[in-house]
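Let me begin by presenting the structure, written as structure tokens, before commenting on it.
Number of protein chains: 2
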Amino acid sequence: MTVSYTEFLTTDDFSGYEDSEKYQKEWLPKVLKYREDLEAGILPEFTVELPGSIEKLTEDKFNPLKYLYENKLLTEKEFKITDTPAFILAEQIAKGELTAVETLKAFGHRAIISHQFTNCAMELFVNEGLARAQELDDYYKKNGKTVGPLHGIPISLKEQMNYRGKITHGGYVSKIDNVVPEHGITNQVLENLGAVFYVRTNQPQTLMHLDSNNNFTGLSKNPFNLILSSGGSSSGEGAIVGFGGSAIGVGSDIGGSIRAPAAYSGCHGLRPTTKRISTFGGISGGAGQESVPAVVGPMARSVTDLEIWMKSYINVGKPWNLDQNCIPIPWREVSKPEPKSLTIAVIYDDGLVKPSPPIARGLKEVVAKLEAAGVKIVKFEPFDTKLAYDTVHKMYACDGNYAQRELLAGSGEPLKKLTKWSLSYGDGAKAYEVAENRKLNMIRDKLRQDYTDYLNDNEVDFILSPTYNNVAPKSEEVYNWSYTSLFNILDLPTLAFQTGIFQDPAKDVWGPEHADYKYRSKLEELECSNYNPEDFVGAPVGLQLSGRRYFDEEVLAAGKTIVDDILKCDLFDLF
Amino acid sequence: MTVSYTEFLTTDDFSGYEDSEKYQKEWLPKVLKYREDLEAGILPEFTVELPGSIEKLTEDKFNPLKYLYENKLLTEKEFKITDTPAFILAEQIAKGELTAVETLKAFGHRAIISHQFTNCAMELFVNEGLARAQELDDYYKKNGKTVGPLHGIPISLKEQMNYRGKITHGGYVSKIDNVVPEHGITNQVLENLGAVFYVRTNQPQTLMHLDSNNNFTGLSKNPFNLILSSGGSSSGEGAIVGFGGSAIGVGSDIGGSIRAPAAYSGCHGLRPTTKRISTFGGISGGAGQESVPAVVGPMARSVTDLEIWMKSYINVGKPWNLDQNCIPIPWREVSKPEPKSLTIAVIYDDGLVKPSPPIARGLKEVVAKLEAAGVKIVKFEPFDTKLAYDTVHKMYACDGNYAQRELLAGSGEPLKKLTKWSLSYGDGAKAYEVAENRKLNMIRDKLRQDYTDYLNDNEVDFILSPTYNNVAPKSEEVYNWSYTSLFNILDLPTLAFQTGIFQDPAKDVWGPEHADYKYRSKLEELECSNYNPEDFVGAPVGLQLSGRRYFDEEVLAAGKTIVDDILKCDLFDLF
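Going line by line, the protein sequences match chains X and A. If you're matching positions, the first sequence starts at 7 in my numbering and goes up one per residue. If you're matching positions, the second sequence starts at 7 in my numbering and goes up one per residue.
Listed below in structure tokens is the structure:
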């Protein structure tokens with residue numbers, strides 16, 4: 007590699023952040039206690055014996071999901087439950103054909119195995135979940151009805167969201183004493199709908215990696231190949247949902263943090279339009295930043311499950327009654343569109359970083375199937391992507407990393423590699439004045455209007471694009487956010503979906519033309535030179551489908567047409 | 007008066023803004039031409055002879071609206087048309103009982119008289135409106151149907167919004183050459199709905215006065231008493247709609263700019279929740295500022311007309327198809343609530359500036375009628391109003407007035423008194439860093455959540471409050487925005503409505519307890535010492551009704567119950 011990530015850092019002086027002595031003395035003991043608590047949550051009756059050390063399995067590019075099936079690590083009943091879409095489980099529970107306790111036992115078992123392989127959890131409390139499931143079963147028995155549409159559905163939660171009576175730290179050691187009295191609004195809404203909680207999942211320091219390293223519990227790994235990342239920042243969600251240890255996961259996304267882990271780890275994930283799902287109550291370095299707001303959204307192995315989650319959350323949960331920031335747009339029933347009715351603009355390359363061979367192949371194969379099904383395909387060279395990329399990065403960092411510094415320096419914890427990377431976004435530690443931020447907002451609004459006009463003028467329904475220029479990267483080697491963050495700055499609802507295609511080292515090699523390829527930037531060189539076919543074996547090829555702002559319903563409806571009907575991709579039946 | 011407004015200014019050095027030589031030489035000639043164009047729009051056949059010089063009438067606290075009726079300055083037919091609610095006019099036109107041309111002739115006539123007395127217009131183009139009306143009549147004749155729900159309705163427009171082929175300057179002389187090729191989205195939507203345009207109305211320099219002085223055409227005056235202000239910043243809209251020269255007006259509001267002119271000038275006005283009505287395409291010093299966004303909304307003499315405007319605009323106009331920033335919440339049909347079903351929290355005093363005698367009396371009388379009708383009244387001492395006031399002022403100015411300075415210094419135009427006042431908001435010319443802006447946003451979000459929790463916890467449907475601590479102020483003597491800007495920072499939809507009560511110098515004197523009243527601030531002293539009963543004779547008493555964020559429909563529905571059913575206030579039949 008001729009280019010190193012350190013060339014991109016705006017500084018190598020992080021003395022304003024790190025304080026090794028303070029960290030070791032005051033904070034590390036608390037971190038060790040936190041790790042012990044996690045260990046204690048790994049119920050022995052649900053564990054399996056690993057087929058080797060994690061180090062060895064990682065080196066071997068081990069595929070734990072395949073191993074799960076091949077070695078029948080669950081009972082037949084547990085496989086049946088955990089390989090049923092959540093919306094069907096909910097129906098079965100509502101009909102009395104299945105109990106919440108049975109359901110949670112199955113998912114709890116699979117979650118703990120998932121954690122053993124992928125290190126997806128930050129907190130495991132399956133016994134608390136079983137107690138809650140029992141209460142729900144009792145309620146059902148007594149009243150003959152469910153408490154809500156997600157009655158008995160095991161839902162995993164990104165740690166960042168406030169959880170009543172538990173620590174919420176958001177990946178910052180300085181917040182390790184932050185035991186919150188109340189659920190954040192989203193956790194509360196889900197609980198009201200009948201969800202069962204049993205695990206809170208991993209996320210990176212600062213929440214600003216498309217990966218997961220942190221000083222609490224370290225990295226999560228990819229359930230399809232342990233040498234690869236499960237993505238991030240909703241890293242643990244990617245791993246646990248992709249592995250089938252959760253019926254539906256809840257992540258958050260300010261630059262790709264739902265879509266990257268979904269795409270990398272083999273599940274689907276929706277980045278909803280802003281303000282449809284509550285983000286109130288939790289830890290974030292982006293508090294008060296509204297140029298490019300974070301969103302919360304679902305991850306699952308079926309697009310219909312994403313839909314059921316959104317519909318239940320919005321129409322029954324009515325989050326606007328609890329959070330003033332949620333807009334009361336009811337979830338509309340939109341039926342699956344006919345392929346022939348669809349016009350899709352395809353981004354083959356965003357002009358910044360060229361997709362790696364498996365992504366280029368996957369996109370091509372998907373487009374061929376869409377065309378065969380009658381979808382009208384339009385090639386789309388997305389405009390102003392460099393401007394969008396630069397602008398969104400400045401938006402993240404234009405407080406001069408003030409908030410991140412406060413949260414990190416509080417404990418003096420050591421900075422992870424990708425923390426340094428994201429602290430170098432925009433102009434790094436240079437604090438902008440408000441007038442500059444307003445100018446960035448004006449650039450953003452023009453971009454949004456121009457993309458809206460593009461869709462209108464060309465009668466395009468959706469944009470299809472890579473989720474990232476590669477399949478899941480190797481751990482701590484994901485640098486480029488351009489494919490995902492474009493849709494954050496545009497605020498377009500975007501589904502990251504699985505194609506049923508996986509990286510194949512035999513097929514997915516750079517073509518002969520690549521030898522002469524002249525990189526358009528050092529970033530592209532850094533990303534592309536990381537791709538060697540052997541390491542990425544078995545990684546899922548995930549893509550993105552983006553629709554019009556606030557028209558999340560149409561995105562999921564078209565997602566079902568594409569995933570279920572055209573690609574016939576069934577994530578419950580992979581091995 | 008022991009306190010002067012100059013004490014509040016953060017600086018008396020405006021040399022970075024004003025440049026007399028440049029202004030006189032390069033810009034004043036263009037301004038003079040602009041004034042000539044306005045004069046040319048005053049069609050002689052529609053003018054009346056004034057009963058004295060404007061100076062004399064002002065001194066006499068002349069009531070031009072009363073004069074209009076008493077001297078029958080319009081034909082019977084013109085009175086009939088201009089004193090019919092717009093929603094009924096629309097029905098009559100749709101049935102072929104009335105033509106668009108007849109309608110515009112009547113309103114054009116009344117508008118020109120309104121302008122003669124109040125100086126409400128910046129541009130008058132009644133002949134263009136008549137041509138458009140004729141086209142609409144031709145369309146109707148040919149097709150037997152209307153082009154949309156506002157077919158033939160004369161609508162007045164705040165100048166700030168882009169108008170195809172005309173100058174749009176927003177009150178800044180530096181923009182006097184800005185002839186725009188396209189309508190702003192709202193003008194476009196209204197045109198698509200069938201509206202007829204014929205006048206663009208007055209607004210202050212910077213758009214940041216609750217009044218109207220500017221270097222183009224000067225001050226607008228109150229149609230009920232010429233010594234008083236018509237409010238602002240949608241100043242001309244207040245005057246023309248209050249006088250009946252427009253069926254429905256369109257204003258904008260970032261701190262009270264729809265509600266103040268509506269309340270002062272004797273009409274109703276809705277400040278909708280943000281993002282329901284497009285603000286795209288126009289001039290504003292707040293571009294890119296999204297901590298407290300401006301909104302666009304309607305002003306009219308009937309609450310039902312506000313409703314018809316909102317409903318047509320949203321459900322037929324579908325602004326989200328044109329402006330990516332508009333949220334697709336359809337306008338819901340909400341029926342008028344029964345008084346007995348309502349719980350209203352009343353703000354008698356916001357803790358910052360005590361209401362003047364006519365406002366205190368008006369509020370008391372309204373509350374008595376509400377209670378008599380069965381409405382449950384709760385006294386509400388609003389919390390954190392000082393924090394809200396300080397925060398919203400900082401939000402306006404936290405770019406260190408960068409945008410205002412650019413727009414003003416471009417021409418070096420002389421600064422108006424209330425421009426200096428608003429340039430002193432927050433910390434005046436001190437530019438904040440982004441981190442500080444983010445903290446202000448966090449304060450705002452907590453305020454919003456706390457007020458939401460108050461409404462929830464106390465089962466309160468609406469908040470009733472003064473629109474301002476006084477009735478219409480004397481020109482250029484309006485300083486305090488606290489009653490209106492509270493609902494901008496909270497982003498609650500707020501109706502400014504007329505009560506049918508008017509200031510009476512005999513009744514509305516400070517009570518004996520006022521002699522011992524200890525002012526809580528210099529601002530309060532400045533405002534209260536401006537109130538002498540004689541000057542305010544005949545000024546309308548307008549109040550505010552605020553509801554839940556995004557629930558604009560309920561606010562207007564309850565507004566109809568209060569204004570039409572309980573107060574029986576008919577603005578079409580005042581004299």
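For glycine and all other residues, C-beta sits at the position ideal for the given N, C-alpha and C. Fair warning: this is a prediction, and the values are worked out from it, not measured in the lab.
Buried or exposed: where does residue i fall if 16 or more other Cβ atoms within 10 Å of its Cβ makes it buried?
i: residue 431 of chain X; result: buried
i: residue 166 of chain A; result: buried
i: residue 210 of chain A; result: buried
i: residue 408 of chain A; result: buried
i: residue 146 of chain X; result: buried
i: residue 381 of chain X; result: buried
i: residue 102 of chain A; result: exposed
i: residue 384 of chain A; result: exposed
i: residue 653 of chain X; result: Summary: the structure shown does not reach residue 653 of chain X, with chain X confined to residues 7 through 581, and so no result is reported for it.
i: residue 523 of chain X; result: exposed
i: residue 509 of chain A; result: buried
i: residue 465 of chain X; result: exposed
i: residue 403 of chain A; result: buried
i: residue 113 of chain X; result: buried
i: residue 17 of chain A; result: exposed
i: residue 38 of chain X; result: exposed
i: residue 230 of chain X; result: buried
i: residue 19 of chain A; result: exposed
State the start and end residues of the unbroken alpha helix (DSSP H) segment that holds residue i.
i: residue 528 of chain X; result: 528-534
i: residue 64 of chain X; result: 60-65
i: residue 120 of chain X; result: 106-124
i: residue 161 of chain X; result: Looking at the DSSP string, residue 161 of chain X is not in any alpha helix (DSSP H); the run it does join, the beta strand (DSSP E), is 160-164.
Between which two residues does the beta strand (DSSP E) holding residue i run?
i: residue 178 of chain A; result: Note, residue 178 of chain A: premise wrong, no beta strand (DSSP E); not H, not E.
i: residue 411 of chain A; result: Unbroken run through residue 411 of chain A is the alpha helix (DSSP H), 408-415; no beta strand (DSSP E).
i: residue 472 of chain A; result: 468-472
i: residue 36 of chain X; result: No beta strand (DSSP E) contains residue 36 of chain X, which is instead part of the alpha helix (DSSP H) from 34-46.
i: residue 207 of chain A; result: 202-207
i: residue 385 of chain X; result: 382-385
Once the 5 residues before and after residue i are set aside, which same chain residues still bring their CB inside 6 Å of it?
i: residue 502 of chain A; result: 265, 268, 269, 275, 473, 548, 550
i: residue 123 of chain A; result: 70
i: residue 9 of chain A; result: 528, 531, 532
i: residue 205 of chain X; result: 117, 127, 130, 162
i: residue 188 of chain X; result: 170
i: residue 93 of chain X; result: 310, 311, 314
Can you give the beta carbon distance from residue i to residue j, rounded, assuming they're within the 8 Å contact cut?
i: residue 11 of chain X; j: residue 326 of chain A; result: Incorrect: roughly 41 Å between the Cβ atoms, too far for contact.
i: residue 428 of chain A; j: residue 215 of chain A; result: 7 Å
i: residue 388 of chain A; j: residue 433 of chain A; result: Residue 388 of chain A to residue 433 of chain A, Cβ: 25 Å. No contact.
i: residue 239 of chain A; j: residue 91 of chain A; result: In fact, because the Cβ distance is near 26 Å, the residues do not count as touching under 8 Å.
i: residue 491 of chain A; j: residue 261 of chain A; result: 4 Å
i: residue 368 of chain A; j: residue 279 of chain A; result: Not a contact, Cβ separation roughly 26 Å.
Once the 5 residues before and after residue i are set aside, which same chain residues still bring their CB inside 7 Å of it?
i: residue 22 of chain X; result: 411, 415
i: residue 281 of chain A; result: 331, 332, 333
i: residue 173 of chain X; result: 182, 184, 185
i: residue 437 of chain A; result: 405, 406, 408
Kindly list the residues whose CB is nearer than 8 Å to the CB of residue i, restricted to its own chain and excluding five residues on each side of it in sequence; keep chain order.
i: residue 220 of chain A; result: 177, 208, 209, 210, 211, 422
i: residue 14 of chain A; result: 427, 430, 485, 528, 529, 532
i: residue 140 of chain A; result: 106, 107
| message | To test your reading of the DSSP string, which unbroken alpha helix (DSSP H) runs of 4 or more residues are found completely within the stretch 216-270 of chain A? | response | 241-249
| field | Whole alpha helix (DSSP H) elements within the stretch 478-557 of chain X, 4-residue minimum | value | 488-495, 528-534
| What runs of the beta strand (DSSP E), each 3 residues or longer, lie entirely inside the stretch 274-301 of chain X? | 274-277
| message | Quick check on the DSSP output: what are the complete beta strand (DSSP E) runs of length 3 or more inside the stretch 296-376 of chain X, in order along the chain? | response | 301-306, 349-352
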